[in-house]
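Remarks on the structure that follows.
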Amino acid sequence: GLCQQASFMISAAKVDQCPPDEGMEVAFAGRSNAGKSSALNTLTHANLARTSKTPGRTQLLNFFVLDEQRRLVDLPGYGYAKVPIPLKQHWQRHLEAYLGSRESLVGVFLMMDIRHPLTEFDRMMLDWASASQMPLHILLTKADKLAFGAAKNALLNIRRDIHRQWGTDIGIQPFSAPKRQGVEEAQQVLAEWLGL
Ligand code: GDP
Numbered sequence: 009g010l011c012q013q014a015s016f017m018i019s020a021a022k023v024d025q026c027p028p029d030e031g032m033e034v035a036f037a038g039r040s041n042a043g044k045s046s047a048l049n050t051l052t053h054a055n056l057a058r059t060s061k062t063p064g065r066t067q068l069l070n071f072f073v074l075d076e077q078r079r080l081v082d083l084p085g086y087g088y089a090k091v092p093i094p095l096k097q098h099w100q101r102h103l104e105a106y107l108g109s110r111e112s113l114v115g116v117f118l119m120m121d122i123r124h125p126l127t128e129f130d131r132m133m134l135d136w137a138s139a140s141q142m143p144l145h146i147l148l149t150k151a152d153k154l155a156f157g158a159a160k161n162a163l164l165n166i167r168r169d170i171h172r173q174w175g176t177d178i179g180i181q182p183f184s185a186p187k188r189q190g191v192e193e194a195q196q197v198l199a200e201w202l203g204l
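With the first letter of the sequence shown counted as 1, position 167 gets the number 175 in full-length UniProt numbering; the numbers rise by one all the way through.
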């Protein structure tokens with residue numbers, strides 16, 4: 009795989025703790041429990057995201073280095089009931105600061121549970137990406153939870169809605185971590201964005 013060398017780099021609680029804004033990075037976003045950690049681990053063949061799982065931690069962003077010029081960034085998941093409101097506000101402020109200022113950000117992967125797409129968080133990310141012309145690629149996770157026909161229908165419906173509302177540039181594909189469905193397609197997008 010492309011990202012086999014991925015390893016833990018740094019956690020940042022604030023934008024000014026991020027690594028130097030050089031080279032290229034792809035950010036991974038999703039409502040909590042959407043399958044972001046599983047997708048990151050599946051795509052990188054590593055257990056990268058375990059360190060970033062504990063809700064209530066103060067870290068904002070977790071950076072994983074692929075090589076000197078390339079990084080993946082795990083953005084905080086929204087929707088943990090256990091996270092106190094001030095911490096949610098802290099995340100939101102700093103997430104906006106990161107997304108709004110990061111020069112090396114070349115694209116965002118957005119994870120959505122295929123059975124529960126287009127949450128409020130997802131709509132916010134879609135609005136932001138289309139307003140800022142940031143490339144976005146969507147993984148419809150847990151595709152294995154639906155039968156083949158139902159998964160196909162869900163994909164077509166979600167794709168139609170997103171392309172109508174936010175534009176046709178957005179890539180949307182089914183994904184399953186345990187079945188390794190959609191892994192190659194997702195890795196190709198990563199490779200293209202990161203110039204690999
Ligand atoms: P995160 O909070 O977005 O990082 O979500 P996780 O990756 O931790 O996944 C949340 C739960 O969904 C865990 O119990 C995972 O095992 C499960 N999960 C994640 N991806 C998949 C998938 O593709 N298929 C199935 N069946 N379960 C998944």
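Think of the CB as a built atom: it goes at the ideal place given N, C-alpha and C, for glycine as much as any other residue.
N-terminal and C-terminal residue of the beta strand (DSSP E) that residue i is part of
i: Glu-33; result: 32-38
i: Asp-75; result: 69-75
i: Leu-80; result: 78-82
i: Ile-180; result: 179-182
Residue from the options whose Cα sits closest to the Cα of residue i
i: Pro-186; options: His-53, Phe-117, Leu-113; result: His-53
i: Gln-100; options: Pro-182, Gly-179, Val-23; result: Val-23
i: Pro-84; options: Val-73, Leu-74, Lys-96; result: Lys-96
i: Pro-182; options: Ala-194, Arg-172, Gly-175; result: Ala-194
i: Ala-21; options: His-102, Gly-43, Pro-28, Ser-46; result: His-102
i: Ser-184; options: Glu-33, Phe-36, Met-119; result: Met-119
i: Glu-192; options: Phe-36, Leu-51, Glu-33; result: Leu-51
i: Ser-138; options: Val-116, Gln-25, Leu-48, Ala-199; result: Val-116
i: Trp-174; options: Glu-76, Ser-140, Gly-31, Ser-19; result: Ser-140
i: His-124; options: Val-34, Ala-42, Ala-35, Asp-29; result: Ala-42
i: Trp-201; options: Pro-92, Thr-149, Leu-68, Arg-79; result: Arg-79
i: Thr-149; options: Trp-136, Ile-93, Ser-45, Asp-29; result: Ser-45
i: Met-32; options: Leu-147, Leu-144, Gln-25, Gln-77; result: Gln-77
i: Ser-112; options: Pro-27, Leu-204, Ala-199, Ser-19; result: Pro-27
i: Asp-135; options: Ala-199, Gln-25, Arg-172, Ile-122; result: Arg-172
i: Gly-108; options: Ala-35, Leu-198, Ile-18; result: Ala-35
i: His-145; options: Asn-161, Asp-29, Met-133; result: Met-133
Bridge partners - residue i, DSSP secondary structure assignment
i: His-171; result: The partner list for His-171 (beta bridge, DSSP) is empty, contrary to what the question assumes.
i: Asp-121; result: Thr-149
i: Gly-190; result: Gly-190 pairs with nothing; no bridge assigned.
i: Val-116; result: Ala-35, Leu-144
i: Ala-20; result: Leu-69
Residue range of the unbroken alpha helix (DSSP H) whose run includes residue i
i: Pro-94; result: 93-109
i: Asp-135; result: 128-140
i: Leu-48; result: 44-52
Residue i at chain B interface by Cβ criterion, 8 Å
i: Ala-158; result: No chain B is part of this structure, which consists of one protein chain only.
Integer-rounded CB distance, given that residue j should sit under 8 Å from residue i
i: Ser-15; j: Val-81; result: With a Cβ gap of about 14 Å, Ser-15 and Val-81 do not count as contacting.
i: Gln-196; j: Asp-152; result: Rounded, the Cβ-Cβ distance is 21 Å, inconsistent with contact.
i: Asp-29; j: Arg-110; result: 6 Å
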